[in-house]
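Asker:
Protein chains in written order, with the UniProt record's numbering: chain A, 1 to 290; chain B, 1 to 249.
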């Protein structure tokens, strides 16, 4: 799959922002005032930039409101509802806490739930697609939840939760990377089933339908950088999990915490790039490619 | 509404005969010609006369080589357009309701004024039947020439999809699969019409007729054939000497 920078930015930033909002929402003793203001600005900033970035890859962003209509059948529509209501409820919660100085715990819990619902619906947009076997698996939502909650805990300064969740996210990510390599084969689609000619002999794509390229090849058969896949996976895991854990377990003061956050975010960006770049769509079979 | 209908009154679709298709690409051109100036946004090309041409097509013809275990290789031309699936994943993923399957005839269509161009329907399609038009930013797909098949301004023989109308080999057939006596239902039943990638559960309406097996040379072909068997089993004379000499080197 083509790793569109707008989607990578969206899933990375909004995932982290929503994770931070989750921890701010369920905090039994939240800080108001300037400290609270800074945390909420960071969380809303990341989520908002992420959501805005997601509209950049649309052919007609001016019609984006129509995406709220099909929540009964479409995960993308459900994501729109979840994201909008999460922003609204958490905005109200933050307003009460910072401006009015009132802590409405119920609102915080509801907002936190909606934040995780947003992460869940985002992950289901990918996990629902049978055409991309690497994504079509229960571990995709688990990975998105683990990264969002772990990164959120790190940003919120919940050190012990962050240690546990970032270690968990690293484990899930490693499983998702390497077990995912087997899934295309397990799905059973081959050039033989794609053409229906497989029971007569071995099938080879002899001549493509066109001399140049097309939308399908650009969007679904992205092969650039695949040869560095394993190295990038290790870099991603190192930056996302190993380095932040080392910092958190040894010397988690403010400056080092910033390094841990930056390292984690960079690791997640690399992971998201691989999420798309290494995902093979079955349509590639018609072109004799994967 | 992007929920799929439980049933459709008719199931319009195509039978594509892989035995007959000669790979001339006339259907590709007829499709592009009709659909670029009729239903919906035109099918744009980018850099059409330059070094790197690319464009939107609703129908494309691949060619495959099939190599059986003990027979000559066979070349199969393979036209591919939307299969108008009964369980079309492209419909249910659509967030705006732009993508829908018609209850009256089962055609899968895109309402282009509702399409936000998110591309998710193309992601969900195993067959590459949908292409996002680079100029218009909306999703394009085969309409089964919905603006021809019901068009009373056209002569009756033209009221079928442009690809079917133009095919010089008669490799494409259009009809109603819900009617067991229709031309397409009968053809599909007689010739073992098959689904593409059935393991993905899309239940395609369009059927592909497999190429007929090639004839073989088994058995006696002619009463004189035994007289044409090769006589010399081992080389003699000068060639025999040369053969042995080369063996020894």
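Virtual Cβ for every residue (Gly too), placed ideally from N, Cα, C.
None of the values given here were measured: they were computed from a predicted structure.
(1) Verify whether the separation of the beta carbon atoms of residue 122 of chain B and residue 101 of chain B is less than 8 Å.
(2) Are the C-beta of residue 215 of chain A and some C-beta of chain B separated by less than 8 Å?
(3) Assign residue 95 of chain B to one of three DSSP states: helix, strand, or coil.
(4) In angstroms, rounded to a whole number, what distance separates the CA positions of residue 58 of chain A and residue 169 of chain A?
(5) Which residue or residues does DSSP assign as beta-bridge partners of residue 74 of chain B?
(6) In terms of residue numbering, what span does the beta strand (DSSP E) encompassing residue 196 of chain B cover?
(7) Taking Cβ-Cβ distances shorter than 7 Å, what residues in chain B pair up with residue 173 of chain A?
(8) Kindly say whether residue 162 of chain B, judged by its beta-carbon, lies nearer than 8 Å to any beta-carbon of chain A.
(9) Output needed for residue 250 of chain B: all residues of its chain with C-beta closer than 7 Å, excluding positions within five of it in sequence on either side, in chain order.
(10) Does the beta carbon of residue 278 of chain A sit closer than 8 Å to a beta carbon anywhere in chain B?
(11) Between which two residues does the alpha helix (DSSP H) harbouring residue 207 of chain B extend?
(12) Alpha carbon to alpha carbon, how far is residue 173 of chain B from residue 32 of chain B? Give it in angstroms, no decimals.
(13) Bridge partners of residue 139 of chain B, per DSSP?
(14) With a threshold of 8 Å between beta carbons, is residue 132 of chain B in contact with chain A?
(15) Establish whether the CB of residue 142 of chain B and some CB of chain A are separated by less than 8 Å.
(16) Rounded to the nearest angstrom, what separates residue 133 of chain B and residue 212 of chain B at their Cα positions?
(17) Quick test of your reading: residue 77 of chain A and residue 86 of chain A, contact by CB under 8 Å. State the CB separation rounded to the nearest angstrom.
(18) Output the residue ranges of the alpha helix (DSSP H) runs that lie fully inside the segment 86-161 of chain A and measure 4 residues or longer, sorted by chain position.
(19) Is the CB-CB distance between residue 2 of chain A and residue 175 of chain A below 8 Å?
(20) From residue 117 of chain B to residue 204 of chain B, what does the alpha carbon distance come to, in whole angstroms?
(21) Would you say residue 227 of chain B reaches chain A, if we count a Cβ-Cβ gap shorter than 8 Å as a contact?
(22) Does the beta carbon of residue 141 of chain A sit closer than 8 Å to a beta carbon anywhere in chain B?
(23) Counting along the chain, where does the beta strand (DSSP E) carrying residue 202 of chain A start and finish?
(24) For residue 96 of chain A, which residues from the same chain have a beta carbon less than 6 Å from its beta carbon, with the 5 sequence-adjacent residues on both sides left out?
(25) Along the alpha helix (DSSP H) that carries residue 258 of chain A, what are the first and last residues, could you check?
(26) Classify residue 249 of chain A as buried or exposed, calling it buried when 16 or more other Cβ atoms lie within 10 Å of its own Cβ.
(27) Identify the continuous beta strand (DSSP E) that holds residue 22 of chain B and give its terminal residues.
(28) Nearest by alpha-carbon distance to residue 92 of chain B: which of B/109, B/193, B/81 is it?
(29) From what residue to what residue does the beta strand (DSSP E) around residue 109 of chain B run?
(30) If residue 18 of chain A sits next to residue 55 of chain A, beta carbons under 8 Å apart, how far is it from one beta carbon to the other, in whole angstroms?
(31) Report all residues from its chain with a CB closer than 8 Å to the CB of residue 71 of chain B; omit the five preceding and five following residues, and keep chain order.
(32) Here's the rule: buried if 16 or more other CB atoms are within 10 angstroms of the residue's CB, otherwise exposed. What is residue 130 of chain B?
(33) Residues of chain A with a CB under 9 Å from the CB of residue 114 of chain B: which are they?
(34) Got a sec? Which residues, its chain only, sit under 7 Å from residue 292 of chain A by beta carbon, not counting five neighbours each side?
(35) When DSSP labels each residue in this structure, what does residue 180 of chain B get in the three-state scheme?
(36) From what residue to what residue does the alpha helix (DSSP H) around residue 34 of chain A run?
Answerer: Taking the coordinates as given:
(1) The criterion of a C-beta distance shorter than 8 Å is not satisfied by residue 122 of chain B and residue 101 of chain B.
(2) With a threshold of 8 Å between beta carbons, residue 215 of chain A makes contact with chain B.
(3) In the structure shown, residue 95 of chain B sits in coil (DSSP, three-state: anything other than H, G, I, E or B).
(4) Between the alpha carbons of residue 58 of chain A and residue 169 of chain A lies a gap of roughly 30 Å.
(5) Per DSSP, B/66.
(6) No beta strand (DSSP E) holds residue 196 of chain B; DSSP gives it neither H nor E.
(7) Neighbours of residue 173 of chain A on chain B: none; closest Cβ ~22 Å, over 7 Å.
(8) No, residue 162 of chain B lies away from the interface with chain A (no Cβ there is under 8 Å from its Cβ).
(9) Residue 250 of chain B is absent from the structure shown; chain B starts at 1 and stops at 249.
(10) With respect to chain B, the C-beta atom of residue 278 of chain A has no partner C-beta closer than 8 Å.
(11) Here residue 207 of chain B belongs to no alpha helix (DSSP H); instead the beta strand (DSSP E) covers 207-209.
(12) A straight line joining the alpha-carbon of residue 32 of chain B with that of residue 173 of chain B spans about 18 Å.
(13) As computed with DSSP, residue 139 of chain B is found in a beta bridge with B/132.
(14) It does: the Cβ of residue 132 of chain B has a partner Cβ on chain A nearer than 8 Å.
(15) In terms of beta-carbon proximity, residue 142 of chain B stays away from the interface with chain A, with every pair separated by 8 Å or more.
(16) Rounded to whole angstroms, residue 133 of chain B to residue 212 of chain B spans 37 Å at the Cα level.
(17) About 15 Å; that fails the 8 Å criterion.
(18) Listed in chain order, the complete alpha helix (DSSP H) runs (minimum 4 residues) inside the segment 86-161 of chain A are 105-127, 139-156.
(19) Cβ atoms of residue 2 of chain A and residue 175 of chain A: not closer than 8 Å.
(20) If you take the alpha carbons of residue 117 of chain B and residue 204 of chain B, they lie about 24 Å apart.
(21) At a cut-off of 8 Å between beta carbons, residue 227 of chain B makes no contact with chain A.
(22) Output row for residue 141 of chain A: interface = no.
(23) Where residue 202 of chain A is concerned, the enclosing beta strand (DSSP E) stretches over 202-207.
(24) By the criterion of a C-beta distance shorter than 6 Å, residue 96 of chain A is surrounded in its chain by 102, 104, once the five residues flanking it on both sides are discounted.
(25) 254-277 is the span of the alpha helix (DSSP H), which, as asked, contains residue 258 of chain A.
(26) Classification of residue 249 of chain A: exposed, given that the 10 Å Cβ count is below 16.
(27) Judged by DSSP secondary structure, residue 22 of chain B falls outside any beta strand (DSSP E); it is assigned neither H nor E.
(28) That would be B/109, whose Cα lies nearest to the Cα of residue 92 of chain B.
(29) Note, residue 109 of chain B: beta strand (DSSP E), 108-110.
(30) The C-beta distance from residue 18 of chain A to residue 55 of chain A rounds to 17 Å, too long to fall under 8 Å, and the pair is not in contact.
(31) Here the set comprises 214, 216.
(32) Residue 130 of chain B should be labelled buried.
(33) By Cβ distance, chain A contributes 63, 66, 69.
(34) Coverage of chain A is limited to positions 1 through 290, which leaves residue 292 of chain A absent and any answer about it impossible.
(35) Here residue 180 of chain B carries a coil assignment [DSSP, helix/strand/coil].
(36) Start and end: 33-54.
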